[in-house]
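Working notes for the structure below.
2 protein chains.
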Amino acid sequence: MHANHGKNENPMDPDLTNPSDALRTESTTGILGYRLRRAQLNVFQRFLQVFEEVRLRPAEYTILLLIADNPGRKQTEIADILSIKRANFVTLVHGLQDRALLERRPAPGDRRANALYLTAAGMQFLDAARARHDDMERQLVAQLGGEASRSQLLALLDRLS
Amino acid sequence: MHANHGKNENPMDPDLTNPSDALRTESTTGILGYRLRRAQLNVFQRFLQVFEEVRLRPAEYTILLLIADNPGRKQTEIADILSIKRANFVTLVHGLQDRALLERRPAPGDRRANALYLTAAGMQFLDAARARHDDMERQLVAQLGGEASRSQLLALLDRLS
DNA sequence: AGCCATTGCTATGGAATAGAACAATGCATG
DNA sequence: CATGCATTGTTCTATTCCATAGCAATGGCT
Chain A
7 MHANHGKNEN PMDPDLTNPS DALRTESTTG ILGYRLRRAQ LNVFQRFLQV FEEVRLRPAE
67 YTILLLIADN PGRKQTEIAD ILSIKRANFV TLVHGLQDRA LLERRPAPGD RRANALYLTA
127 AGMQFLDAAR ARHDDMERQL VAQLGGEASR SQLLALLDRL S
Chain B
7 MHANHGKNEN PMDPDLTNPS DALRTESTTG ILGYRLRRAQ LNVFQRFLQV FEEVRLRPAE
67 YTILLLIADN PGRKQTEIAD ILSIKRANFV TLVHGLQDRA LLERRPAPGD RRANALYLTA
127 AGMQFLDAAR ARHDDMERQL VAQLGGEASR SQLLALLDRL S
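Take a look at the structure:
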């Protein structure tokens, strides 16, 4: 399909125009992983900018979202869904707890586990964050070319997950 | 990986508190950045597995590809294209040079710069890597549902980069 | 009671990424 | 050609993310 190897393209046009010309990047543009990473980095970069003001990072945002929709779940459950190791999840949860955005209450029936809940401040904070994020998402959708493109992209990404 | 063990399901209490029920994840499934990250992590994970045997990481693969298609370019040029900081690029290039896959020759006309070239071993190594990667890519395309889906995905990712 | 799994946690290491600073060199302009 | 500024490769360092190992407390099963 695209196994471009070494020299090819147009043999009549041997690139003798400029010594410090643009580089040839065809070999990377066909790599799905590379393109995925570029796009993901770009989107995350925008997220970091938008949320720098409120000091919220992508992982933290998804944690708050999940707890909001699943109050009372154990740390491990939330961490597993997000594919975050239990060990690393501790720091994240403690950070959010220190900011009084969530609570760790003893889980009923299991004295080992912590049940996670958003505080009132946490819910309020999350609402604001959601609004902020919705704005960002709208920009991305506009960049993609519309809602249809967005769902198309999500469907394709789903097949890679 | 392993979900609930399915041993807590008593017919007596169906879902009063849903102790080990599936979590609600709708809030995250609509987030482009989140989905991008999941897919990218998955693809990278596969790359790492496939290339563990030959000890090649994604960044190194793209470096070799770019040098192969642009021999004699300066480090900064290659690094810039890949959005790798000059400082971090040094380690990567030195590692590949230590493995005799590439050479840093003095750039003609600029005694500060290094011109990068693949060695014969480097080209041979890259050819094998390319074959290995093409196999992986074919698997991904199959997962996506065909070549049309692949180019569609690439086009969409392009709008986010 | 005994054994194993799970939960939250600490400690630690590796890898990616970013910034500061520096010597050598290039380059432009006066 | 002298001087000031920019660039190149480099080292050092800090931060963040991610993975593993291990531990005390607890749960659950037999």
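So the protein sequences, as listed, match chains A and B. Just add 6 to the spot in the first sequence (first one is 1) and you have our numbering. Just add 6 to the spot in the second sequence (first one is 1) and you have our numbering. Each residue gets a CB set at the ideal place from its N, CA and C atoms; glycine is no exception.
Determine, for A/PRO64, whether the minimum Cβ-Cβ distance to residues of chain B falls below 8 Å. yes
Inter-residue CB distance, A/ILE73 and A/LEU98 (contact presumed, cutoff 8 Å): Rounded, the Cβ-Cβ distance is 11 Å, inconsistent with contact.
Taking C-beta pairs closer than 9 Å, name the residues in chain B that A/PHE50 reaches, listed in chain order. GLY39, LEU42 and ARG43
Work out the CA separation of A/ARG144 and B/TYR123 for me, nearest whole Å. 44 Å
Check B/ALA121 in the structure and name its three-state DSSP category. strand
Taking buried to mean at least 16 other C-beta atoms within 10 Å of its own C-beta, is A/LEU54 buried or exposed? exposed
Between B/ARG138 and B/PHE57, is the Cβ-Cβ spacing less than 8 Å? yes
Between B/ILE87 and chain A, is any beta-carbon pair separated by less than 8 Å? yes
Could you check if B/VAL60 is buried or exposed, using at least 16 other CB atoms within 10 Å of its CB as the buried criterion? exposed
Just verifying my parser: in three-state terms, what is the DSSP assignment at A/ARG110? strand
Residue environment, B/GLN130, which counts as buried when at least 16 other CB atoms sit within 10 Å: exposed
Over the uninterrupted alpha helix (DSSP H) stretch that includes B/ILE73, give me the two end residues. 64–75
The alpha helix (DSSP H) with A/THR82 in it runs from where to where? 81–87
What span of residues does the alpha helix (DSSP H) with B/VAL99 cover, start to end? 92–104
For a test of the three-state rule: what should DSSP assign to B/ALA161, helix, strand or coil? helix
The alpha helix (DSSP H) with A/ASP141 in it runs from where to where? 126–150
Could you name the residues of chain A that B/GLY151 contacts, counting a contact when the two beta carbons are closer than 7 Å? ARG165
Buried or exposed: A/GLU153, going by 16 or more other Cβ atoms within 10 Å of its Cβ? exposed
Given a threshold of 16 other Cβ atoms within 10 Å of its Cβ, counted over all protein chains shown, does B/GLY39 qualify as buried or as exposed? buried
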